[in-house]
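Visitor: My questions all concern the structure below.
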RNA sequence: GCGGGUGUGGUGAAAUUGGUAGACACGCUAGACUUAGGAUCUAGUGCCGCGAGGCAUGGGGGUUCGAGUCCCUCCACCCGCACCA
C-alpha cells in the first residue's frame, strides 16, 4: 500500500467540508483563541507560493490550539476593493465586481487545496455591499464624533454642539455660536470631526485628467505615458488620526509586537518635544513661526528654511528675488515628497530676499526656501543651525552662508556635530550651559518673553481618506450648499452605481462624477470620491466574529466573547499603514462603547517575504559571435586587427547546413545595419567579418570562403552542425566563451527548469514556440544549466510558482511542511522548488512505518521499548516548544529526526505512532487524518487528545562532556549526570589527549559547568 | 535621506540562556538492490593538509577561561516611507 496523497487529500478535504469540521461557534465552554491572517487582495495572478507562508503558519497554530482544547476562530476573507481591478476595468471594460468575483473564486480554490481549517461560513469581502454598509456606518460614526481633549477620547459631536451653544469656547461665546449660520457652524465643527473634509494636495496629471497614486508617478511624470505630474489642491476627506497619536504610542506598551515593529510605528508617529518660536521679519509685520526640537541652539541659527509652498513665501519675498523664487516653486511642485527628502547630494534652494530677526541678539537671519523642508511637518519652517545639523551644514556650504560656531572645539569646521553634550559658547544667556540642560532654560525664556511656547509635535499627518476612484466604498455624504450632510442610516449601504466607463470625471474627480443622475439628488450633490483600501481592512477582524449580523457591524456579545485577535500574522509592509489605521478605528469604536477593547491585535507575527529565484538562459547575440570570429581569424591573419580596425567588417552567413562566408564591402553592411545581427528574410545571422581589401587581394573570394569555413569549423564546433537558423543559447558555464557582452540573459519560466537544468523540450514549446528552433550549447553531459538570481517574485520575471502545481505533484501536506521547513517564518528567503523532495521523502518514510508497499499493514499493537518511548517523548517536548514559539522549521526537522530514529529502531508500534500522528496533525493534517482512521479511530484527529510529555522516559544517567583546552574542543569524556567538579578534575587530567596538550605543565584552572562543558586553561 | 531587517558550507538552514559551529534537508560523490528509476537503502561531503594539525559564522577591533551569540567600528544586500494592497 503506497502513499496516495492525491486521493487521501481529496477525500479528507471533502469529508471536512461535508461534516463542517471547522465550523466555529460563538458559544463554547472552551477558552477562546482568535488567529487571524492579513486577508489577501485577490489579484488576477492568483496565489503564488509566497502568499500561503503566513496562512500555513496560522493554520498550524490554529490546529495546535484546537488540539490543546481551545475554541479557535480562524477565518479568511478578501480585501477586494483596490486599484488593480479598476485599472483592469479601464483597459478591458470589464466590471471590477466581475473580475473580483472571478479572482476570489480562483483564490478560494487554491486555498482549499492546501487544506486550511477555515470556517468559510464567516468569510468577508470588503467590496460586498453587505460588508461595506458597515464600513460606511463606521465612517459616519467617525464623522459624527470629535476627540475630546479633556477626556482624551472620542465623544459624539452633539456633545460639542451642546457645549458651544451653552458655554461657547475661547474663540466665541455661546451667543455668538447661536448666531452663526449653519454653514459657519459646520465649518467650526469640521475642524473637530474625526472624519473631516479639508483641502489637501494630490498628484495631478493634467494630460490624463486624473489624480495619480504615488506608485503611478515616476520621476515627476506619470508612469503611463510619461506626462508631467504636479501637486494640486483638492477637497479631500481625512481621518483625524493625529488626535490619537499619544494613545497609539501608549498602546504599543500593551501589545506583543516585535521591537522593530513598535519602533517603526513610533517613528511613523514621530513624537517630538520642542518649541514653536515666532521670529519678526525685517520690514514686515508678518511673523515667521518655526518649530525646533533644539531651542538651545538659537544663537547658532545662520539661516531659516521655509517649505516653498507656504503662503508666507509670497508675502515676504523681495522684488529682486521674486523671479528666482517663482521658478524654484515651479520646480518643487514637480517633485514628490520622497524625492524632496531623498536626494541630498543635489542641494537645492532659493533665497527669498527677506530676513528674520533673532529675538535674543537682533541678528538678521536670511530666509531661504528649500525642498527638503516639507509644509506638512511642524510649521513648515525650520531654523537652520549648520554647526549642529548635517543637512543645514551642507546647505550652508553649498550656498556660502557663514557658519556660527556655538560649541567651540566640538565643531571642527568640516562636518556638523549633532551632539547635546557640548558646552555652549557664543550664546548669550546660555553661555557655559550643557546643551541638553540649555533646552529647558531656552524654552523658559522664550515663554517668558511671549515669543513662543513649548510644543509637542507629531510627524504623523492626518490620514487622507478620499480616492478619486471608482472601485471603493462610496461616501454616504451629500453636499448641500457647501455643507456635508450624512445619509440616513436606513439608506445604507449606498451602493456603487454602474458606470459606462472607468475614466476620470471632470476636474480630477473620480469616475462617479460622470453619472449625473446619480450625483445630483434633490437635496444636493453626492460626494464622488470613494474610500481608500484601508477603510474596509481597518475593522474586518470584528466582522468575522459575527459576519451575518444585519443589525450591527458586530454584536457586543460576540465581540466581548472573541475580544482582540490573539495572534495576527502578516507582512511587515503593513507595519505603519494598515496596523495604525485599524488600531485607531478600534480605539474610536471602544471610546464610543461599541466594543470592549481598544487594541485590535494582541500579538503580531511578521512573516518574511518569499523571494523569487529566477532562472536565466543566455542567448548569443551578434556582438559575442563577432568577437569570437574575430579572435579566431586573428590567429590566422595576425597582421590584421579585426576588432579595432575601422574597416574590419565581416559578413558571415550560415546557410543550408553549410557554413558560408560572404565577403562584402562596407557599403552593403552600412545599408543593412539594422539587419546586421538578424535577418528576417533569410532567417540568418549576418556578421560583418572582413572588408579588408588587403585580405581580398591575397585570396580569391572562393578560396577565402573555403579557408574561413575550415578554420571556423575547427575552432568553433557548434557551427559545424548548424542548420538554417542560428539561435543559440549558451549555458552559463560557457559564458566565458562570449563574455557577458556577447550574450543576453533571458528570464526563463522556473517551472520548466529542474533545479538549474533546463527542460529543453518544454523550453522549445514555451511562449507559443518562440524558441522552437533554438540551438543549444550544452555542458559536457548534454545538459543545459541555467543561471540564477534572487529577485522579487513576479509574473514578468517568470519566477512565480503556483501552489496548485506543487499540491498536485507532491501533495498539500508536503507543500505545507516544506514552506515551513524553508526557514524561520519571520525571515525572507528565496523559493527553491528542488528542496521540496526531502520533505516528500519524509512523509513517504512516515507512511512506511504503517504500511509496506508489498506487505501492506505493518503496524502492530506490541508494547513499545524504553528506547522507542524516549524517541517519542523527546519529540513531544520539542514539537510542543517549537510550535509554541513559531519555530516551525525546527519542528519539521524534529519530525524528520523522529521518523529517522523510529525507522532505525524498526518501530511500527501503534502506541508510539498514534501519538506521533496527533503531533503531526497541525503540520500535515491529511496524512495524519488518514493514518489515524487506518489505525481504527472513528473521530477526527483534530479532536484527539494531545500527547503529554513525560520526562521519565527521556532522563539520561550520564552525559558526554566536551573537554576544551583554552576554549578549543579537543576531546569528550562521559560522566554520571550528578557529577561534581572535584570528581571530574582527576579524570580530566589523566586523559591522554589532555596530557598531550598540557605538555607536562600544570593547568592554570579547570572550568566545569555542570551539564555543559569542561575547559582546561593552560 | 529617514526608518526597519538580514549576512554561518555549493544551497535552504540549526545552534532557545555566552559553553561540542554546520542538526535537518537540498545538491554532489561512490556503492547496493532493480527489467527500469525521478523508488528505496548504505557510506561520504565546511575549507586547507598525506598526517599531526591548522583555518572557518560579511571585514576589522574589543570583553571573556570560552563569542555565530555581548560591545565598538566598517561593508554588502533586502524591505518600507503616507493614493499598491
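In this note's numbering, the protein residues as written are 1 to 1018. All C-beta atoms in this analysis are idealised placements derived from N, C-alpha and C, irrespective of residue type, glycine included. Fair warning: this is a prediction, and the values are worked out from it, not measured in the lab.
For residue 1019, which option in 836, 933, 469, 110 has the closest C-alpha, if you only look at C-alpha atoms?
Guide: Summary: the structure shown does not reach residue 1019, with the chain confined to residues 1 through 1018, and so no result is reported for it.
Visitor: How would you write the range of the alpha helix (DSSP H) that residue 289 sits in, first residue to last?
Guide: Where residue 289 is concerned, there is no enclosing alpha helix (DSSP H), although the beta strand (DSSP E) it sits in stretches over 287-292.
Visitor: Determine the direct distance from the alpha carbon of residue 36 to that of residue 579, and round the result to whole angstroms.
Guide: In a straight line, the C-alpha of residue 579 is about 13 Å away from that of residue 36.
Visitor: Could you tell me the alpha carbon to alpha carbon distance between residue 644 and residue 212, rounded to whole angstroms?
Guide: The predicted model places residue 644 with a pLDDT of 40, which falls under 50 and marks its position as unreliable; any figure quoted below should be read in that light. Roughly 50 Å separates the two Cα atoms.
Visitor: For the pair the region 845-863 and the region 895-912, tell me if three or more CB-CB distances fall below 8 Å.
Guide: Cβ pair count under 8 Å is three or more, so yes.
Visitor: Under a Cβ-count criterion, where at least 16 other Cβ atoms within 10 Å of its own Cβ denotes burial, should residue 878 be classed as buried or exposed?
Guide: Under this definition residue 878 is a buried residue.
Visitor: Among the residues of its own chain, which have a CB less than 6 Å from the CB of residue 911, if the five just before and after it don't count?
Guide: So the list reads 864, once near-sequence residues are dropped.
Visitor: Rounded to the nearest angstrom, what separates residue 563 and residue 280 at their Cα positions?
Guide: Their Cα atoms are separated by approximately 54 Å.
Visitor: Residue 887: which of 988, 923, 143, 601 sits nearest, CA to CA?
Guide: Among 988, 923, 143, 601, the Cα nearest to that of residue 887 is on 923.
Visitor: Where in the region 270-335 do unbroken runs of the alpha helix (DSSP H), each at least 4 residues long, occur, reported from the N-terminal end onward?
Guide: Listed in chain order, the complete alpha helix (DSSP H) runs (minimum 4 residues) inside the region 270-335 are 311-316, 322-333.
Visitor: What separation, rounded to the nearest whole angstrom, lies between the Cα atoms of residue 837 and residue 938?
Guide: Going by the C-alpha atoms only, they are around 32 Å apart.
Visitor: Would a C-beta distance cut-off of 8 Å place residue 31 and residue 78 closer than the cut-off?
Guide: Cβ distance not < 8 Å, so residue 31 and residue 78 don't count as in contact.
Visitor: Do the CB positions of residue 134 and residue 541 come within less than 8 Å of each other?
Guide: No, they are not a contact pair.
Visitor: Given a threshold of 16 other Cβ atoms within 10 Å of its Cβ, counted over all protein chains shown, does residue 202 qualify as buried or as exposed?
Guide: Buried, since its Cβ has 16 or more Cβ neighbours within 10 Å.
Visitor: Can you round the beta-carbon distance between residue 988 and residue 1006 to whole angstroms, since I take them to be within the 8 Å contact cut?
Guide: Indeed they touch by this definition, with Cβ atoms about 6 Å apart.
Visitor: Among the residues of its own chain, which have a CB less than 7 Å from the CB of residue 426, if the five just before and after it don't count?
Guide: Excluding sequence neighbours, residue 426 sits near 299, 404, 405, 406.
Visitor: Report the residue ranges of all alpha helix (DSSP H) runs contained in full by the region 740-777; include only those spanning at least 4 residues, in chain order.
Guide: Qualifying alpha helix (DSSP H) stretches, in chain order: 760-769.
Visitor: Using a Cβ-Cβ cutoff of less than 8 Å, which residues in the same chain neighbour residue 88 once the five nearest sequence positions on both sides are dropped?
Guide: Taken in chain order, the residues that qualify are 44, 94, 96, 99.
Visitor: Our contact map puts residue 74 next to residue 118 with C-beta atoms below 8 Å; I'd like the distance itself, whole angstroms only.
Guide: At roughly 6 Å, the Cβ-Cβ gap stays under 8 Å, so residue 74 and residue 118 are in contact.
Visitor: Is residue 610 near residue 54, with beta carbons less than 8 Å apart?
Guide: No, these two residues do not count as a Cβ contact at 8 Å.
Visitor: Give the range of the beta strand (DSSP E) segment to which residue 374 is assigned.
Guide: No beta strand (DSSP E) contains residue 374, which DSSP labels as neither H nor E.
Visitor: Going by other Cβ atoms of all chains shown within 10 Å of its Cβ, with 16 needed for buried, is residue 573 buried or exposed?
Guide: Exposed is the call here.
Visitor: Who does residue 145 pair with in a DSSP beta bridge?
Guide: 156, per the DSSP bridge assignment.
Visitor: Tell me whether the beta-carbon of residue 606 lies closer than 8 Å to the beta-carbon of residue 577.
Guide: Going by C-beta atoms, residue 606 is not nearer than 8 Å to residue 577.
Visitor: Alpha helix (DSSP H) containing residue 910: first to last residue?
Guide: It spans 910-920 - the alpha helix (DSSP H) in which residue 910 sits, taken as one unbroken run.
Visitor: For residue 209, which option in 506, 602, 1004 has the closest C-alpha, if you only look at C-alpha atoms?
Guide: Residue 506 is the option with its Cα nearest to residue 209.
Visitor: For residue 272, which of 283, 257, 291 has the nearest alpha-carbon?
Guide: The candidate whose alpha carbon is nearest that of residue 272 is 291.
Visitor: Hey, how far is the Cα of residue 894 from the Cα of residue 1010?
Guide: Answer to the nearest angstrom: the Cα atoms are 26 Å apart.
Visitor: Residue 472: buried (16+ other C-beta within 10 angstroms of its C-beta) or exposed?
Guide: The residue in question, residue 472, is buried, as its Cβ has 16 or more Cβ neighbours within 10 Å.
Visitor: Are the CB atoms of residue 785 and residue 757 within a distance shorter than 8 Å?
Guide: Cβ atoms of residue 757 and residue 785: closer than 8 Å.
Visitor: For residue 373 and residue 350, which I take to be in contact (beta-carbon distance under 8 Å), what is that distance rounded to the nearest angstrom?
Guide: The pair is not a contact, with the Cβ atoms about 12 Å apart (cut-off 8 Å).
Visitor: Out of 617, 928, 858, which one is the CA nearest neighbour of residue 774?
Guide: Among 617, 928, 858, the Cα nearest to that of residue 774 belongs to 617.
Visitor: Can you list the beta strand (DSSP E) stretches of 3 or more residues lying completely in the region 180-217, in chain order?
Guide: Counting only runs of 3 or more, we get 195-205, 210-212.
Visitor: Look at residue 157 and residue 816 and say whether their C-beta atoms are less than 8 Å apart.
Guide: In this structure, residue 816 does not lie closer than 8 Å to residue 157 by Cβ.
Visitor: According to DSSP, is residue 547 helix, strand or coil?
Guide: Residue 547: coil per DSSP, three-state reduction.
Visitor: Can you look up residue 166 in the DSSP assignment and give me helix, strand or coil?
Guide: DSSP places residue 166 in helix when its eight states are reduced to three.
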